[in-house]
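Just so you know, the sequences run in chain order L and S.
Residue numbers for the first sequence follow this note's numbering, beginning at 4 and rising by one.
Residue numbers for the second sequence follow this note's numbering, beginning at -17 and rising by one.
The beta carbon of each residue, even a glycine, is placed where N, CA and C say it ideally should be.
Data block below; observations after.
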Amino acid sequence: MVASFFNEMYASDGLRAPYQMLEGWYQNMPAEFRALKQAEAEDLFRRYGITFAVYGEGGDPDRLIPFDMFPRVFTAQEWRKLERGIKQRARALNAFLSDVYDRGEIVRAGLIPADLVYRNDAYEIAVAGFRPPLGIFSHIVGIDLVRTGAEQFYVLEDNCRTPSGVSYMLENREVMMRMFPHLFQENRVAPVDGYARLLKRTLASVAPAKCDRDPCVVLLTPGHFNSAYYEHSFLADLMGIELVEGQDLFVEGDFCWMRTTEGPRKVDVIYRRIDDAFLDPLCFRPDSTLGVPGLMNVYRSGGVTICSAPGAGVADDKAIYTYVPEMVRFYLGETPILDNVPTWQCAKSDDLKYVLENIGELVVKEVHGSGGYGMLVGPASDRATVEAFAAKVAENPSNYIAQPTLALSTCPTFVDEGIAPRHVDLRPYCLVGRDVELVPGALTRVALTDGSLVVNSSQGGGVKDTWVIAEE
Amino acid sequence: MILKVFHKTRYDFASPVAGIIQSLRLTPAKCDSQKVINWSVDVPDAVMGEAFRDGAGDYIQTISLRKRVEHIEITVSGTIETIDTAGVLRGHRERVPPRAYLRNTVRTEPNRAIVDLVQDTLRDAASASALEHAHLLAAAVSEALPYRPGATHAHTTAAEAMNAGAGVCQDHTQVLISCAHLADFPARYVSGYLNATEDGSAHEASHAWAEIYIEGLGWVGFDASNKCCPNDQYIRLGSGLDAQNAAPLRGLVLGGGAEVLDVTVVIEAQQQ
Chain L
4 MVASFFNEMY
14 ASDGLRAPYQ
24 MLEGWYQNMP
34 AEFRALKQAE
44 AEDLFRRYGI
54 TFAVYGEGGD
64 PDRLIPFDMF
74 PRVFTAQEWR
84 KLERGIKQRA
94 RALNAFLSDV
104 YDRGEIVRAG
114 LIPADLVYRN
124 DAYEIAVAGF
134 RPPLGIFSHI
144 VGIDLVRTGA
154 EQFYVLEDNC
164 RTPSGVSYML
174 ENREVMMRMF
184 PHLFQENRVA
194 PVDGYARLLK
204 RTLASVAPAK
214 CDRDPCVVLL
224 TPGHFNSAYY
234 EHSFLADLMG
244 IELVEGQDLF
254 VEGDFCWMRT
264 TEGPRKVDVI
274 YRRIDDAFLD
284 PLCFRPDSTL
294 GVPGLMNVYR
304 SGGVTICSAP
314 GAGVADDKAI
324 YTYVPEMVRF
334 YLGETPILDN
344 VPTWQCAKSD
354 DLKYVLENIG
364 ELVVKEVHGS
374 GGYGMLVGPA
384 SDRATVEAFA
394 AKVAENPSNY
404 IAQPTLALST
414 CPTFVDEGIA
424 PRHVDLRPYC
434 LVGRDVELVP
444 GALTRVALTD
454 GSLVVNSSQG
464 GGVKDTWVIA
474 EE
Chain S
-17 MILKVFHKTR
-7 YDFASPVAGI
3 IQSLRLTPAK
13 CDSQKVINWS
23 VDVPDAVMGE
33 AFRDGAGDYI
43 QTISLRKRVE
53 HIEITVSGTI
63 ETIDTAGVLR
73 GHRERVPPRA
83 YLRNTVRTEP
93 NRAIVDLVQD
103 TLRDAASASA
113 LEHAHLLAAA
123 VSEALPYRPG
133 ATHAHTTAAE
143 AMNAGAGVCQ
153 DHTQVLISCA
163 HLADFPARYV
173 SGYLNATEDG
183 SAHEASHAWA
193 EIYIEGLGWV
203 GFDASNKCCP
213 NDQYIRLGSG
223 LDAQNAAPLR
233 GLVLGGGAEV
243 LDVTVVIEAQ
253 QQ
């Protein structure tokens, strides 16, 4: 097990600057007051209807995501570096997507194996050669980061399709401001509430060339059975756009239309929160009832923009991840600001050998997995679990990658006895349209169980408000 | 050769349906082996989208009827000049990297019998060229699956066709694609028409064959059903990963019940 973890509040040289005023805040908080506030927070989240679905555990699938009131804080200086790194990565990922659906220069240059790109399930033949407006494929890039030291951050993975969770970033702030207004008077916390306006502006900026008026933007949801449905309706509401399901839209001629009480209305941009496979039964899965029949034809003939673009998933595949620093150098001619976690590709025989020999020390993930499902945290697992997982890896190596168990930083978190360090990660949401934008904030996920390194809400994780202290 | 095509697809619904939408791949694209002289796709009463070319170089067009209908009739008529290029696809504008066609779908996923067929076929051919390997595979598929209409149906997969031990052009094509992938050849499904009157063959005029990518030569057509490469009797409509993906018509009926499908295809060679 890793010996020491970077504590974001109490570093080895004492209390770190961004947390200075929070120390007094929690120390002076009477236990009854804290309990009261915790209950109030829960009440607020319930009233807002923020729930998430947990699969495969039985019981009520819609439950509250645990909220920890202790904020996580970054200085403006720390954030500036992160921001540059995140935007750089988002630009590189989009450049990669626009390249591999065009001439594939990076493949021709021999920097990424052709088969990793073109044989990838997420590479959509249906959009090869098609250039979406402004050449942008991934309009909302969620980048999962962890911190291991004062200056050291690692990117765990990129999410180029439809990253979820931004509603927590916004609601966590909302709830904190309601409960502890004085904290925000005494601290210059940079606001995040501009996110919805920026998101709408980003989406509108990629309206198709055929659109000659104020673009009609809609959010396409699979419906209320989806675990992120709350977020879909929340974002649509904030942006003042229609929340639609597949059946609310139809294709006629060269355009996609929305049914309204005043008759059909032409749709220009679809922020879709459904997977490629379900978008259009005439192009992808014929049994899909969630999508819009004919939509891909309208998209490919320039009648509507789909965000993220179908096929964007090829950039966030865990096997492609290894090459993102290469993309930064190749497309942008820059040095990568954010580091990748060293990754072993089990598809390579040398890597596989290393992984199987050291599996007890490693984190092993499925190439296409998400949400913390189907992964092994070697040091935190018993021997039988490790051995069973090793057998699965040996059977289908190309389905797995492995990484060292990172010493994830900790942040103070309220526990029964007061506060205690708990491991955290960070997911900022970078917007890519005519401009590349990042609000000064992110979703911080926290592993509430002592010692746990798995922060996913589906695995007992919670969330925190994330502050960036504005400069004087 | 000049070929005249008349292709009518008619759906009659037992009770009126609320509407219909179709994605059509019914207009041949220009390449060295074919040049359209005139071509039209007509669907009475339907709203027709403008045809566009997708990355594979195929013309795609959306048609829809958003009202109660009892039947729909899609009529293709046209004249096209065809040239024998010995099956080689040249002068075809497309953007999809060949290696994207190494993936299987449910319909081309191999089973043990297909794996064995490839191994048996290529075992003693180590010194043969890639093109010869492709020919050997096409011949092996012809032999393994005698042409027998009714042995399979529209949704039969390559593996199921192998188990059935017989099939039609769709099955030959999907099995050949599956075989080619095992031998690391990019391969795809091609839909089109065949002017079959000349050799008196009973095969339908709506036809399908495989294209296999040979390094240095490009895409080459292989018609395992007729044990040949496409020549000037063939008209190429479009391609895809399997029969469904390359279908000339792919549609959805809204609120649909039972339907009766009637297809007429007539291909005639014209005196030049």
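Member of the options whose CA lies at the smallest distance from the CA of residue i
i	options	result
S/Glu197	S/Lys(-14), S/Glu91, S/Arg81 and S/Val248	S/Arg81
S/Ser(-3)	S/Val150, S/Arg50 and S/Val157	S/Arg50
L/Leu241	L/Ala318, L/Ile323, L/Ala199 and L/Asn162	L/Ala199
L/Ser455	L/Glu398, L/Arg176 and L/Val380	L/Val380
L/Val2	L/Pro135, L/Val195, L/Leu47 and L/Val418	What is shown of chain L runs 4 to 475, which leaves residue 2 of chain L out entirely.
L/Gly1	L/Arg386, L/Ala391 and L/Glu364	Given a span of 4 to 475 for chain L in the structure shown, any question on residue 1 of chain L remains unanswerable.
L/Pro424	L/Lys395, L/Met32 and L/Pro74	L/Pro74
L/Gln80	L/Phe253, L/Asp428, L/Asp342 and L/Pro443	L/Pro443
S/His53	S/Ser111, S/Arg(-8) and S/Leu71	S/Arg(-8)
L/Glu86	L/Leu341, L/Pro267 and L/Met182	L/Leu341
L/Thr308	L/Pro431, L/Arg150, L/Glu265 and L/Lys269	L/Lys269
L/Pro328	L/Gly152, L/Val344 and L/Gly316	L/Val344
S/Arg72	S/Val100, S/Leu231 and S/Ala11	S/Ala11
L/Asp354	L/Ala405, L/Gly316, L/Tyr334 and L/Val317	L/Ala405
S/Asp36	L/Arg83, L/Asn97, L/His227 and L/Ala131	L/Ala131
S/Thr138	S/Gln156, S/Glu125 and S/Ala122	S/Gln156
Where residue i sits in the DSSP three-state scheme
i	result
S/Phe34	strand
L/Val169	helix
S/Ala190	strand
S/Gly260	No answer is possible for residue 260 of chain S: it lies beyond the span of chain S, which begins at -17 and ends at 254.
L/Leu67	coil
L/Ile244	coil
L/Gly59	Residue confidence is low: L/Gly59 scores 44 on pLDDT, short of 50, so the model does not pin down where it sits. Its coordinate-derived value is still stated next. Coil at L/Gly59, not helix or strand.
L/Arg37	helix
L/Pro313	coil
S/Gly147	coil
L/Met12	coil
L/Phe228	coil
L/Ile277	coil
L/Met72	strand
S/Ala(-4)	strand
L/Gly145	strand
S/Thr103	helix
L/Gln23	helix
Cutoff 7 angstroms; reference residue i; Cβ partners in own chain excluding five residues on either side
i	result
L/Met4	Since pLDDT at L/Met4 reaches only 41, below the 50 mark, its modelled position is unreliable, and the value read off the structure follows with that caveat. Here the set comprises Pro382.
L/Tyr22	Met12 and Val76
S/Ala184	With a pLDDT of 45 at S/Ala184, under the threshold of 50, the modelled position of this residue cannot be trusted, and the question is left open.
L/Leu409	Val149, Thr151, Tyr157 and Val344
Bridge partners - residue i, DSSP secondary structure assignment
i	result
S/Leu236	S/Gly1
L/Tyr29	DSSP, once it has assigned bridges, lists no residue as partnering L/Tyr29.
L/Cys414	L/Arg425
L/Lys321	In the DSSP output, where bridge partners are listed per residue, L/Lys321 has none listed.
L/Met261	L/Leu252 and L/Arg268
L/Pro407	L/Leu365
L/Phe333	Partner(s): none; L/Phe333 has no beta bridge.
S/Ser173	S/Ala190 and S/Gly220
S/Trp201	S/Tyr195
L/Arg134	L/Arg134 pairs with nothing; no bridge assigned.
S/Phe(-12)	S/Ser59 and S/Val248
L/Glu440	L/Leu434
S/Asn20	S/Thr61
Whole-angstrom C-beta distance between residue j and residue i, which should lie under 8 angstroms
i	j	result
S/Asp214	S/Thr64	4 angstroms
L/Ser401	L/Cys433	At roughly 30 angstroms, the Cβ-Cβ gap does not stay under 8 angstroms, so L/Ser401 and L/Cys433 are not in contact.
L/Gly197	L/Pro166	So it is not a contact: roughly 18 angstroms between Cβ atoms.
S/Ile217	S/Gln16	6 angstroms
S/Arg120	S/Ala190	Residue identity differs from the one stated: residue 120 of chain S is Ala in this sequence, not Arg. Actually they do not touch by this definition, with Cβ atoms about 13 angstroms apart.
Contacting residues, own chain, Cβ-Cβ under 6 angstroms from residue i (five flanking each side not counted)
i	result
L/Ser3	Only positions 4 to 475 of chain L appear in the structure, and residue 3 of chain L is not among them; the question remains open.
S/Ala133	Ala146, Ala148 and Gly149
L/Glu474	Ala79
L/Tyr326	Ile115
L/Trp470	Pro74, Val76 and Val192
L/Gly249	Leu293, Gly294 and Val295
Chain-order list of residues whose beta-carbon lies under 8 angstroms from that of residue i (same chain, five-residue window excluded)
i	result
S/Arg130	Ala148, Gly149 and Val150
S/Glu114	Ala107
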